[in-house]
Structures are given as C-alpha cells and as structure tokens.
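At position 26 of the sequence shown (counting the first as 1) the number is 1186 in my numbering, and the numbers step up by one without a gap. Note that the Cβ used here is the ideal one computed from N, Cα and C, for glycine as well.
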Amino acid sequence: MLRSLWIAKTGMEGQQTKLDSIANNLANVGT
C-alpha cells in the first residue's frame, strides 16, 4: 500500500518537474 503510494508520488513529482521546465522554456521564448 505505502509502496504504491510512494511510487505514485515520485511519478507525479517527476511529471511536475517536467511541466515546470516546459513552462519555463515557453516563458523564455515569450520574452
């Protein structure tokens, strides 16, 4: 149970980091 939650949490954090970098790149292009 806890292991699957930890895996899901880790995966979500990875996705968030990827989204943040994409958003940052778009912001840099916009300026």
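Since residue i is in the alpha helix (DSSP H), which residue starts that stretch and which ends it?
i: residue 1177; result: 1162-1190
Please report the straight-line C-alpha distance between residue i and residue j, rounded to a whole angstrom.
i: residue 1177; j: residue 1183; result: 10 Å
i: residue 1191; j: residue 1179; result: 19 Å
To which residues of the same chain is residue i closer than 6 Å at the C-beta, ignoring the five residues directly before and after it?
i: residue 1185; result: none
Cβ-heavy atom distance between residue i and the ligand COA below 7 Å?
i: residue 1164; result: Here there are no bound small molecules, and the ligand COA is not part of this structure.
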